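Taking it in order: structure first as structure tokens, then the write-up.
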Amino acid sequence: MALELVGKLIKVLPEVSGQSQKGPWSKQEFVLETLDASYPKKVCLTAWGDKVADLKQFATGDTLKATFSAESREYNDRWYTELRAFRIEITEGEGSSAPAPRSASAPAQQARPAQQNQPAAMSFNSAFEEESNDLPF
């Protein structure tokens, strides 16, 4: 299950690394603040492995879109939830602080998702106003 969150990068926490039986690992947590004008929320996500290097190219204040998965696990009758970001990208229109190599290497990839998301921008009620009231069964 993939979830998406768009928000302003407000904090990048220190990188944590270690050694396991499978080899070295690294993770870095970062905090996004949602763009909701009335009640913005702060959400802490985790970048693992090579996504840590991707996170370093963004600056505080950039508007990012993070695609992540949520997972919870139990330890000593307590539940711990992790939001693991597997794709982090700058949103369109905010590319002024993105490094040149990243924006030059993928302009076509950034343009396609924006075109696909345009129909989703219409309001919820307008989608039903245009349809007939016939039931599908």
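According to this note's numbering, the sequence shown is numbered sequentially starting from 2.
Think of the CB as a built atom: it goes at the ideal place given N, C-alpha and C, for glycine as much as any other residue.
None of these values were measured; they are calculated from a predicted model.
State the Cα-Cα distance for the pair residue i and residue j, rounded to the nearest angstrom.
| i | j | result |
| --- | --- | --- |
| D55 | S21 | 22 Å |
| K28 | S39 | 32 Å |
| V13 | K57 | 9 Å |
| K42 | T35 | 5 Å |
| R88 | T68 | 5 Å |
| E72 | I91 | 24 Å |
| G8 | C45 | 11 Å |
| D63 | L6 | 13 Å |
| P25 | D37 | 38 Å |
| S70 | D78 | 23 Å |
Sort the options by Cα distance to residue i and report the nearest one.
| i | options | result |
| --- | --- | --- |
| A60 | M2, I11, L4 and V7 | I11 |
| L84 | K9, S18, P25 and F31 | F31 |
| A86 | K23, A48 and S18 | A48 |
Below 8 Å CB to CB, which residues in the same chain sit around residue i once its five sequence neighbours on both sides are set aside?
| i | result |
| --- | --- |
| E16 | S27, K28, Q29 and V53 |
Who are the Cβ neighbours of residue i in its own chain at under 6 Å, not counting the five residues just before and after it?
| i | result |
| --- | --- |
| A3 | T68 |
Could you name the residues of the same chain whose beta carbon sits closer than 7 Å to that of residue i, not counting the 5 residues immediately before and after it, in chain order?
| i | result |
| --- | --- |
| M123 | For M123, the predicted structure reports a pLDDT of 48, less than 50, and the residue's modelled location is therefore unreliable. A value from the coordinates is still provided. Contacts found: none. |
Going along the chain, which unbroken runs of the beta strand (DSSP E) with 3 or more residues stay wholly within the segment 9-69? 17-21, 24-35 and 43-49
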